[in-house]
Ligand SMILES: Cc1cc2nc3c(=O)[nH]c(=O)nc-3n(C[C@H](O)[C@H](O)[C@H](O)COP(=O)(O)OP(=O)(O)OC[C@H]3O[C@@H](n4cnc5c(N)ncnc54)[C@H](O)[C@@H]3O)c2cc1C
Ligand code: SF4
Ligand code: SF4
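Residue numbers (the working numbering), protein chains in the order written: chain A, 60 to 480; chain B, 12 to 161.
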């Protein structure tokens with residue numbers, strides 16, 4: 060049995076740990092086009108801001124590969140798959156034979172069609188890899204200016220890092236407010252107020268139509284006629300599944316690579332996990348890509364165990380996020396909007412809690428400056444607990460377990476039930 | 012593995028467990044008075060008393076077999092201790108992103124921004140021997156035992 064994993068991030072590490080739970084013997088080969096020991100991708104903004112050194116970014120200790128008996132090929136790109144022969148072909152021509160394969164190739168930046176963009180050779184960045192952060196750091200500094208296209212998590216994380224370096228930052232987004240996939244209007248207002256207070260400038264409800272260059276400066280022309288001049292432009296509109304390798308094979312792809320509840324693709328013996336894969340969203344009730352790290356790890360881990368021939372099921376997941384900007388903390392989970400859900404809100408000057416309840420079950424929440432113990436709510440969502448009698452407590456700034464019905468509470472105290480698998 | 016179990020019918024809501032937990036994780040783990048008088052910042056307790064008279068109980072990390080926190084941790088700071096199976100946090104690596112807080116279904120992870128931006132969670136007082144909350148509960152409302160055991 061030979062295991063091969065393409066990718067070296069959360070999903071890959073989850074898989075290695077899953078395989079090694081049950082199979083200490085058979086060889087694992089990991090292929091990554093990034094030249095680094097596995098690192099925490101979310102930390103690239105900390106690195107950019109200078110609050111984390113490169114050495115401090117490792118996602119697993121230095122002896123991880125050795126301890127787990129993994130051969131890693133770093134800085135090597137897989138360019139094609141031969142699913143019949145069972146081989147991965149690398150850019151340098153090397154072929155890696157496998158019996159079980161995991162595609163953990165993650166996401167890649169989505170670059171929208173902006174006129175003039177492809178003609179510019181320097182000063183245009185994306186922000187999803189350590190190398191992106193390194194390059195950006197080279198260009199950033201006090202007195203510099205940047206335009207960030209996209210006010211989602213990645214765009215705002217880049218913005219925070221740049222502001223801390225003294226860069227003057229303007230963020231542009233087609234949506235009417237920041238973080239439109241996880242916040243509602245009210246919550247976003249609170250966050251924006253905080254960010255504006257830290258020096259960020261915003262243009263909402265407008266696209267960047269064209270980029271031109273003049274004397275090294277980029278001029279970004281917005282659809283409403285505004286022109287912004289900057290030293291650098293960061294494209295952070297979104298991340299899409301990086302499924303290029305599977306595209307040229309018979310592996311079924313929808314938005315992401317389609318997987319079953321064992322994380323196996325349409326081809327037996329080939330698995331996919333993480334930002335590249337599509338799987339069941341427990342709350343939306345359909346298959347989706349949910350590009351967050353916890354899901355990547357859990358999917359990878361599930362794939363790994365199944366690759367050993369043992370069977371475990373991935374129960375599905377949903378989005379959950381904890382985000383902080385300049386000390387403002389928020390947590391969100393599940394759905395942001397649902398026409399069939401009732402909404403309950405507890406808004407104060409500096410905090411905001413919103414719950415989405417459907418058929419007496421919690422299906423989503425937003426908690427700004429009210430993050431403490433918010434996992435209790437996530438647990439109730441997983442367990443599909445009837446929350447009718449406890450809304451007041453769940454809306455409070457710090458919820459507790461004491462409001463749970465006695466049997467659920469006792470099972471919590473015993474440490475039963477809500478494991479992720 | 013042995014974990015701490017709450018016996019809500021014995022809990023009197025005195026919060027001594029919280030106080031001793033703070034002290035046990037301060038610079039003066041053996042001396043409550045010194046801990047409270049001398050420590051510049053007191054660590055946040057890793058056990059939480061919830062109270063709605065007459066009901067009260069104290070809860071800390073369940074050291075799950077399939078922990079949400081460990082799989083969700085974005086940095087790898089949350090790990091399983093190989094020897095004991097306890098789920099521990101490495102404050103050197105933790106960046107205080109609070110992702111583990113949004114996934115722990117027990118609400119057993121706390122923000123501790125006094126000593127740095129990190130989380131505080133129960134470590135079973137592995138370094139001290141017996142958990143401070145268990146040792147100091149005046150009414151034996153917290154017990155360290157195997158699941159289902161005495
Ligand atoms: C700035 C930023 C902040 C984030 N913050 C958070 C956060 O706070 N919380 C959260 O939950 N999530 C966050 N995320 C998302 C999170 O990082 C991802 O969900 C997670 O990394 C996905 O893991 P993965 O293993 O699926 O793929 P990835 O981390 O994308 O890794 C895939 C790897 O495969 C490699 N690869 C791809 N193709 C090939 C090939 N052909 N050959 C060889 N190697 C290849 C890639 O180079 C990459 O190294 C953030 C992301 C970014 C960019
Ligand atoms: S912190 Fe929460 S999720 Fe993690 S092991 Fe403890 S109880 Fe389980
Ligand atoms: S707060 Fe610390 S332990 Fe929790 S997920 Fe973030 S880095 Fe990991």
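Where is the CB? At the ideal position from N, CA and C, for every residue including glycine.
Nonlocal neighbours in the same chain, by C-beta distance under 6 angstroms from residue i, ignoring five residues either side
i	result
residue 375/A	339 and 341
residue 173/A	267 and 270
residue 127/A	75 and 79
residue 67/A	89, 91 and 97
residue 175/A	269, 270 and 271
residue 457/A	431 and 432
residue 392/A	379, 424 and 437
Local conformation of residue i per DSSP, three classes
i	result
residue 402/A	strand
residue 353/A	helix
residue 40/B	coil
residue 291/A	strand
residue 117/A	strand
residue 19/B	coil
residue 112/B	helix
residue 262/A	strand
residue 89/B	strand
residue 124/A	helix
residue 63/A	strand
residue 168/A	strand
residue 174/A	strand
residue 383/A	strand
residue 57/B	coil
residue 203/A	coil
residue 45/B	helix
Assigned exposure category for residue i - 16 Cβ within 10 Å defines buried
i	result
residue 41/B	exposed
residue 240/A	exposed
residue 121/B	buried
residue 64/B	exposed
residue 150/B	exposed
residue 285/A	exposed
residue 328/A	exposed
residue 137/B	exposed
residue 243/A	buried
residue 44/B	exposed
residue 184/A	buried
residue 118/B	buried
residue 121/A	exposed
residue 464/A	exposed
residue 147/A	buried
residue 313/A	exposed
residue 307/A	exposed
Proximity to residue i [Cα-Cα], best of the options
i	options	result
residue 129/A	180/A, 322/A, 299/A and 86/A	86/A
residue 104/A	280/A, 221/A and 395/A	221/A
residue 517/A	228/A, 343/A and 323/A	The structure shown does not extend to residue 517/A, since chain A spans only 60 to 480, so no value can be given for it.
residue 370/A	296/A, 73/A, 81/A and 65/A	81/A
residue 151/A	162/A, 313/A and 135/A	135/A
residue 71/A	138/A, 432/A and 335/A	335/A
residue 108/B	459/A, 437/A and 431/A	431/A
residue 20/B	158/B, 48/B, 89/B and 154/B	154/B
residue 118/A	118/B, 87/B, 14/B and 129/B	87/B
residue 396/A	409/A, 385/A, 413/A and 387/A	413/A
residue 106/A	147/A, 140/A, 211/A and 218/A	218/A
residue 416/A	408/A, 429/A and 436/A	436/A
Own chain, CB closer than 8 angstroms to residue i, minus 5 neighbours either side, in chain order
i	result
residue 343/A	377 and 394
residue 383/A	389
residue 277/A	179, 182, 183, 206, 270, 271, 288, 289, 290, 291 and 292
residue 309/A	142, 325 and 326
residue 170/A	176, 185, 294 and 296
Sequence-distant residues of the same chain with beta carbon closer than 7 angstroms to residue i, five excluded per side
i	result
residue 114/B	79, 80 and 83
residue 216/A	104
residue 315/A	300, 302, 335, 336, 337 and 348
residue 123/B	54, 55, 129, 130 and 131
residue 116/B	79
Pair every Cβ in the segment 29-41 of chain B with every Cβ in the segment 143-156 of chain B, then say whether three or more of these pairs are closer than 8 angstroms. yes
Inter-stretch contact at 8 angstroms, needing at least 3 Cβ pairs: the segment 360-371 of chain A / the segment 401-411 of chain A: no
With three or more C-beta pairs closer than 8 angstroms as the rule, is the segment 94-103 of chain A touching the segment 182-201 of chain A? yes
Three or more C-beta pairs closer than 8 angstroms, one from the segment 70-80 of chain B and one from the segment 96-115 of chain B: is that the case here? yes
Examine the Cβ distances between the segment 60-67 of chain A and the segment 149-168 of chain A and report whether three or more of them are shorter than 8 angstroms. yes
For the 8 angstroms Cβ check, are there 3 or more pairs between the segment 196-209 of chain A and the segment 223-238 of chain A? yes
Contact between the segment 422-439 of chain A and the segment 293-302 of chain A (3+ Cβ pairs under 8 angstroms): no
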